[in-house]
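Each remark here refers to the structure printed beneath this line.
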């Protein structure tokens, strides 16, 4: 429960939380949408490169301490952003790049990573179902967040909205993290999936097993990239679409209120798929779920480019929901299932780093293509290359695992 609260608290640093403030930021700073997207690219990309260090910090210091740092860092960044005003292009790019970097590193990156890592550390047998149940709730929360944030902005402007969120982060979320976050069962004198550890057994307090893979070993494994490429692709394109959602809707002739509402039916599709995906991660190889995610992304990109057509809208929302439903199991349960828990922070941090860098490239790519062609559709077609690559890698990884299993079965005594 508290891990889910931690992920929910990252909304101000997520694209869904930033997108509704985009037009206000362009008006307040004087930067164009393209310039703001470039700042978003620089800031988010920088935060993504630093996030792998954040993963190591989770392994070294624990989720609790790192989450406290993330919460207070995110709140401080929101207060700083609430004070921005007119700036020259050079100063504006520098200030907004730094601001987006802090916002994305603390919110989308570190707070999400620590909360998800903590949840994954506490379960083994039903890890997929547990993490998917948490993410199912988060799907509705994230889908509702743009509308709620718009309502908050209408009360007294975007500056007050950010300041209110900062107070909630420090007072409410900070208290929850300090009082209730626990790094692992072993650090609490327990064993994974329940039960007390033996008081005399010092090894019981060591997280994971000696057979758990290191980050270097994970990077050399094709399975890591099979589960990382599709979530990176989704992070890239979903971030871009969400960041430019109002402008994309205007291109298609859809009003702001109508285009924002598509997130709710997407959530209704993604929630049951998330729960199903959690069960699948517990029962079948993760690369199969990754292959499904890559395939549905291909369908999604094509259909969303024609979102103003009713049939394409239904297909696009359905494919987006299925893709989003696969996202949670692959980012929460797949990594510990494939590589163990001892170096979970470092490996999950690398996966998260790839996702954050992808989310940095997406908005800038879409803005650049739109400025050159006058449309966001070509950007969607260009983006197809990533899920296609992901599908190929997943099929190769599955084939390699089947071959390895067959080879082991042929050994003497097997």
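Residue numbers (the working numbering): 4 to 417. Where is the CB? At the ideal position from N, CA and C, for every residue including glycine. None of these values were measured; they are calculated from a predicted model.
Exposure of residue i, with buried meaning 16 or more beta-carbon neighbours within 10 Å
i	result
residue 186	buried
residue 168	buried
residue 233	buried
residue 384	exposed
residue 287	exposed
residue 328	buried
residue 303	buried
residue 192	exposed
residue 182	exposed
residue 401	buried
residue 22	buried
residue 251	buried
residue 356	buried
residue 88	exposed
residue 272	buried
residue 322	buried
residue 93	exposed
residue 158	exposed
residue 30	exposed
residue 42	buried
Pair within 8 Å by beta-carbon distance, residue i and residue j
i	j	result
residue 116	residue 58	yes
residue 12	residue 176	yes
residue 10	residue 118	yes
residue 123	residue 278	no
residue 114	residue 173	no
residue 161	residue 24	yes
residue 103	residue 32	no
residue 50	residue 240	no
residue 180	residue 107	no
residue 143	residue 274	yes
residue 229	residue 396	yes
residue 281	residue 134	yes
residue 61	residue 352	yes
residue 112	residue 359	yes
residue 345	residue 210	yes
residue 276	residue 324	yes
residue 333	residue 388	no
residue 257	residue 337	no
residue 378	residue 138	no
residue 45	residue 100	yes
residue 109	residue 76	yes
residue 166	residue 85	yes
residue 249	residue 259	yes
residue 311	residue 255	yes
Neighbourhood of residue i by C-beta, 7 Å cutoff - its chain only, sequence neighbours within 5 removed
i	result
residue 342	215, 216, 221, 350
residue 392	232
residue 399	225
residue 242	18, 362, 365, 366
residue 394	294, 297, 298
residue 339	123, 130, 347
residue 300	233, 236, 237, 326, 390
residue 78	169, 172, 173
residue 8	176, 179
residue 403	225
residue 315	306, 309
residue 245	18, 19, 22
residue 270	142, 143, 146
residue 218	346, 349, 350, 353
residue 150	263
residue 140	7
Beta-carbon contacts of residue i that lie in its chain and below 6 Å, excluding the five residues immediately before and after
i	result
residue 156	164
residue 14	20, 148
residue 308	380, 383
residue 330	234, 237
residue 40	366, 367, 370
residue 196	127, 128
residue 6	118, 121, 122
residue 27	161
residue 373	379
residue 55	352, 353, 356
residue 247	369
residue 37	370, 374
Proximal residues to residue i (C-beta, below 8 Å), its chain only, five neighbours per side dropped
i	result
residue 261	252
residue 52	356, 360
At 4 residues or longer, and completely inside the stretch 348-405: list those alpha helix (DSSP H) runs for me, N to C. 380-386
Alpha helix (DSSP H) runs contained entirely in the stretch 91-161, provided each spans 4 or more residues: 92-106, 115-124
Counting only runs of 4+ residues fully inside the stretch 241-293, write out the alpha helix (DSSP H) ranges in chain order. 248-255, 259-263, 266-286
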